[in-house]
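Asker: Numbering (our numbering), first residue to last: 4 to 454.
Ideal Cβ placement from N, Cα and C applies to all residues, glycine included.
Keep in mind the model is a prediction, meaning the values are calculated, not measured.
One structure, as structure tokens, below. Some questions next.
Put into structure tokens, the structure is as follows:
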């Protein structure tokens with residue numbers, strides 16, 4: 004009795020555990036979000052067929068297959084099989100379907116029933132590649148059953164629409180967008196060309212570009228994600244205006260809007276150096292360079308004089324990349340300089356910051372007014388009287404003898420040790436410089452300027 008009771012309790016426990024497991028599994032299954040099936044264009048499909056053409060059906064029925072992929076597909080010995088009449092059409096050896104291309108088979112006689120028909124596409128191993136839903140076409144007109152949007156296969160009957168015939172062409176239904184970001188860049192920068200396709204599904208999008216006034220060129224073939232979004236990156240190689248667009252299918256399908264990109268020249272800079280202060284009559288050198296370094300480029304120097312006039316002097320950058328212009332500062336006051344260049348096919352022009360130079364006279368003139376002259380004469384007369392200059396000797400007047408001068412001899416201090424100093428080299432031309440004690444500066448003979 005006890006053993007039977009224990010077995011019964013064991014069975015009840017297993018049953019309770021099973022029910023709990025099923026309950027929690029059902030909760031987990033219900034809580035999981037539903038999976039969204041992606042619209043894919045990754046295999047050859049039956050894209051369109053004429054089931055009930057105008058007039059009689061004999062020799063007028065046809066089927067269109069489409070290769071939406073980016074590779075050539077060998078369809079030798081593939082078959083199209085009908086459901087109602089059980090007929091088969093076999094593709095001959097050497098039949099290839101190019102990427103994004105169509106192939107139409109015109110059936111001899113009558114292959115398709117007007118009611119409850121279904122077509123199946125088999126490969127050479129008799130493996131099913133694609134199948135249409137069971138369809139009926141009672142209208143004797145030019146409408147056909149076709150995938151809409153073109154080539155889309157989600158496995159649903161809603162992929163098919165009864166629409167006006169598009170034999171050998173896309174069935175349409177796609178809307179493409181295209182944009183480029185940023186829309187204005189400097190040469191060498193990268194841009195992103197992106198967009199989307201509606202309805203949203205995975206497919207191949209051809210992105211094209213062209214320069215201003217040119218023809219369209221293929222940039223890339225991008226595959227959109229499950230949300231229909233595609234992205235391509237590109238680095239332009241010319242300073243011009245670019246246009247971008249997207250296509251799918253690539254030749255006769257949807258075409259996007261045109262996105263515009265402007266590629267600008269790179270910036271440049273120009274720098275100049277000169278002395279801050281010189282004596283009138285000195286030679287002054289203006290040294291500068293363009294960044295990045297440029298040789299053989301024309302630079303316009305603007306020299307502003309203290310009297311308000313200006314000089315414009317052209318100069319050319321040397322092979323080392325710098326330029327130099329020397330002139331004589333022959334006017335006292337404050338001078339100012341700037342340098343500029345117009346740029347080239349890659350770089351924008353630039354103008355330097357203003358540099359200032361103060362030119363001073365060697366000696367200051369003294370203004371001798373009458374009062375100053377009279378004071379000077381009085382001082383001179385006083386000195387003459389004090390020193391006895393110009394006085395006659397009176398009779399009986401004896402001058403005291405002047406005692407001999409006394410000299411104190413002191414030992415001369417030890418001379419300071421002589422330290423040999425090697426003059427520095429010019430930072431611009433690398434030539435040796437000389438030291439000018441009057442200026443307490445070093446002077447470059449080649450550049451003709453104090454450092």
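Compute the Euclidean distance between the alpha carbons of residue 50 and residue 154, then round it to the nearest angstrom.
Answerer: Numbered from 1 along the chain shown, position 47 holds the residue referred to as residue 50. Numbered from 1 along the chain shown, position 151 holds the residue referred to as residue 154. Their Cα atoms are separated by approximately 6 Å.
Asker: Could you compute how far the alpha carbon of residue 160 sits from the alpha carbon of residue 189?
Answerer: Start at 1 with the first residue of the chain shown, and residue 160 comes out as number 157. Start at 1 with the first residue of the chain shown, and residue 189 comes out as number 186. Each residue's alpha carbon lies about 51 Å from the other.
Asker: In its own chain, which residues sit with a C-beta less than 8 Å from the C-beta of residue 230, not counting the 5 before and 5 after it?
Answerer: Position 227 of the chain shown, counted from the start, is the residue given in the question as residue 230. These residues qualify, in order along the chain: 199 and 203.
Asker: Reducing DSSP to helix, strand and coil, say where residue 144 ends up.
Answerer: Within the chain shown, residue 144 is the residue found at index 141, counting from 1. The answer is coil: DSSP assigns residue 144 none of H, G, I, E or B.
Asker: Roughly how many angstroms separate the alpha carbons of residue 453 and residue 244, rounded to a whole number?
Answerer: Locating residue 453 in the chain shown gives position 450, where the first residue counts as 1. Locating residue 244 in the chain shown gives position 241, where the first residue counts as 1. Going by the C-alpha atoms only, they are around 49 Å apart.
Asker: Kindly identify the DSSP beta-bridge partner or partners of residue 166.
Answerer: Taking the chain shown and counting its residues from 1, the one referred to as residue 166 is at position 163. Partner(s): 147.
Asker: Let me know the beta strand (DSSP E) ranges lying completely inside the region 151-210, each 3 residues or longer, listed in chain order.
Answerer: Segments of the beta strand (DSSP E) lying fully in the region 151-210: 163-167, 182-184, 187-189 and 194-201.
Asker: Just to confirm, is the Cβ distance from residue 445 to residue 430 under 7 Å?
Answerer: If you number the chain shown from 1, residue 445 lands on position 442. If you number the chain shown from 1, residue 430 lands on position 427. Result no, Cβ atoms of residue 445 and residue 430 do not sit closer than 7 Å.
Asker: Quick one: what's residue 291 bridged to in DSSP?
Answerer: Position 288 of the chain shown holds residue 291. According to DSSP, residue 291 bridges with 275 and 326.
Asker: On the criterion of 16 or more Cβ atoms from any shown chain inside 10 Å, does residue 260 qualify as buried, or is it exposed?
Answerer: What you label residue 260 is simply residue 257 of the chain shown in a count that begins at 1. Under this definition residue 260 is an exposed residue.
Asker: Please go through the same chain and pick out, in chain order, the residues whose beta-carbon is closer than 8 Å to the beta-carbon of residue 233, but skip the five residues on each side of it.
Answerer: Taking the chain shown and counting its residues from 1, one reaches residue 233 at position 230. Closer than 8 Å at Cβ, skipping near neighbours: 197, 198, 199, 200, 208, 210, 225, 226, 227 and 249.
Asker: What separation, rounded to the nearest whole angstrom, lies between the Cα atoms of residue 240 and residue 61?
Answerer: Locating residue 240 in the chain shown gives position 237, counting from the first residue. Locating residue 61 in the chain shown gives position 58, counting from the first residue. Rounded to the nearest angstrom, the two C-alpha atoms are 58 Å apart.
Asker: Could you pull out every residue in the same chain whose Cβ sits closer than 6 Å to the Cβ of residue 36, ignoring the five residues on either side in sequence?
Answerer: Taking the chain shown and counting its residues from 1, the one referred to as residue 36 is at position 33. Model confidence at residue 36 stands at a pLDDT of 33, short of 50, so the residue's coordinates are unreliable; what they give is reported in the following sentence. There are no such residues.
Asker: Check whether the region 172-180 touches the region 87-94, taking contact to mean three or more Cβ pairs, one atom from each stretch, closer than 8 Å.
Answerer: Too few Cβ pairs lie closer than 8 Å, so no.
Asker: Should residue 222 go down as buried or exposed, given a rule of 16 or more other Cβ atoms within 10 Å for buried?
Answerer: Taking the chain shown and counting its residues from 1, the one referred to as residue 222 is at position 219. Looking at its Cβ environment, which holds 16 or more other Cβ atoms inside 10 Å, residue 222 is buried.
Asker: For residue 231, which of helix, strand or coil comes out of DSSP?
Answerer: Walking along the chain shown from the start, residue 231 turns up at place 228. The answer is coil: DSSP assigns residue 231 none of H, G, I, E or B.
Asker: Can you tell which of 304, 306, 268 and 341 has its C-alpha closest to the C-alpha of residue 347?
Answerer: As a first step, residue 347 must be located in the chain shown, where it is residue number 344. Cα-wise, what sits closest to residue 347 is 268.
Asker: Here's the rule I'm using: 16 or more other beta-carbon atoms within 10 Å means buried, otherwise exposed. How should residue 195 be labelled?
Answerer: For this step, residue 195 is matched to residue 192 along the chain shown. Looking at its Cβ environment, which holds fewer than 16 other Cβ atoms inside 10 Å, residue 195 is exposed.
Asker: Quick check on DSSP: helix, strand or coil for residue 269?
Answerer: As a working note, residue 269 is residue 266 in the chain shown. Residue state, collapsed to three classes: strand.
Asker: Helix, strand or coil for residue 246, going by three-state DSSP, please let me know.
Answerer: If you number the chain shown from 1, residue 246 lands on position 243. DSSP places residue 246 in strand when its eight states are reduced to three.
Asker: When DSSP builds the beta bridges, which residues end up paired with residue 78?
Answerer: Against the chain shown, residue 78 aligns to sequence position 75. DSSP, once it has assigned bridges, lists no residue as partnering residue 78.
Asker: By the DSSP assignment, the beta strand (DSSP E) with residue 434 in it spans what residues?
Answerer: Translated into positions along the chain shown, residue 434 becomes position 431. Neither: residue 434 is in no beta strand (DSSP E) and is coded neither H nor E.
Asker: What does the alpha-carbon distance come out to for the pair residue 130 and residue 185?
Answerer: Within the chain shown, numbered from 1, the residue matching residue 130 stands at position 127. Within the chain shown, numbered from 1, the residue matching residue 185 stands at position 182. Those two C-alpha atoms are separated by around 48 Å.
Asker: Are the CB atoms of residue 83 and residue 100 nearer to each other than 7 Å?
Answerer: Looking up residue 83 in the chain shown gives position 80. Looking up residue 100 in the chain shown gives position 97. For residue 83 and residue 100, no; Cβs fall outside 7 Å.
Asker: Hey, residue 156 and residue 66 are a contact pair by Cβ (cut 8 Å); roughly how many whole angstroms apart?
Answerer: Position 153 of the chain shown, counted from the first residue, corresponds to residue 156. Position 63 of the chain shown, counted from the first residue, corresponds to residue 66. Wrong, their Cβ atoms sit about 15 Å apart, outside the cutoff.
Asker: If you drop the 5 nearest sequence neighbours on each side, which residues of the same chain put their C-beta closer than 6 Å to that of residue 64?
Answerer: Taking the chain shown and counting its residues from 1, the one referred to as residue 64 is at position 61. 53, 110, 114 and 115.
Asker: Among all the DSSP beta bridges, which residues are the ones paired with residue 332?
Answerer: Numbered from its first residue, the chain shown carries residue 332 at position 329. None, per the DSSP bridge assignment.
Asker: Helix, strand or coil, according to DSSP, for residue 350 in the structure here?
Answerer: Here residue 350 refers to the residue found at position 347 when the chain shown is read from its first residue. In this structure, residue 350 counts as strand in the three-state DSSP scheme.
Asker: Could I get the ranges of all uninterrupted alpha helix (DSSP H) runs contained in the region 41-119, with 4 residues as the minimum, in chain order?
Answerer: Listed in chain order, there is nothing to give.
Asker: Name the residue from 124, 319, 434 and 97 whose alpha carbon lies nearest to the alpha carbon of residue 69.
Answerer: Residue numbering aside, residue 69 sits at position 66 when the chain shown is read from its first letter. Comparing Cα-Cα distances from residue 69 to each of 124, 319, 434 and 97, the minimum goes to 124.
Asker: Ignore the nearest five residues each way along the sequence and tell me which others in residue 333's own chain have a CB closer than 7 Å to its CB.
Answerer: Against the chain shown, residue 333 aligns to sequence position 330. Excluding sequence neighbours, residue 333 sits near 283 and 284.
Asker: With distance defined between alpha-carbon atoms, name the residue in 272, 328 and 166 nearest to residue 316.
Answerer: Along the chain shown, one-based indexing puts residue 316 at 313. When each option's Cα is compared against that of residue 316, the closest is 328.
Asker: With a Cβ-Cβ cutoff of 7 Å, do residue 340 and residue 358 count as a contact?
Answerer: Counted from its first residue, the chain shown places residue 340 at position 337. Counted from its first residue, the chain shown places residue 358 at position 355. Closer than 7 Å, so yes.
Asker: Please classify residue 360: does DSSP put it in a helix, a strand, or coil?
Answerer: On the chain shown, residue 360 is found 357 positions in, with the first residue counted as 1. In this structure, residue 360 counts as strand in the three-state DSSP scheme.
Asker: When DSSP labels each residue in this structure, what does residue 226 get in the three-state scheme?
Answerer: For the purposes of this step, residue 226 is identified with residue 223 of the chain shown, where counting begins at 1. Strand.
Asker: Report yes if the CB atom of residue 436 is closer than 7 Å to the CB atom of residue 450, and no otherwise.
Answerer: Residue numbering aside, residue 436 sits at position 433 when the chain shown is read from its first letter. Residue numbering aside, residue 450 sits at position 447 when the chain shown is read from its first letter. The answer is no: Cβ separation not under 7 Å.
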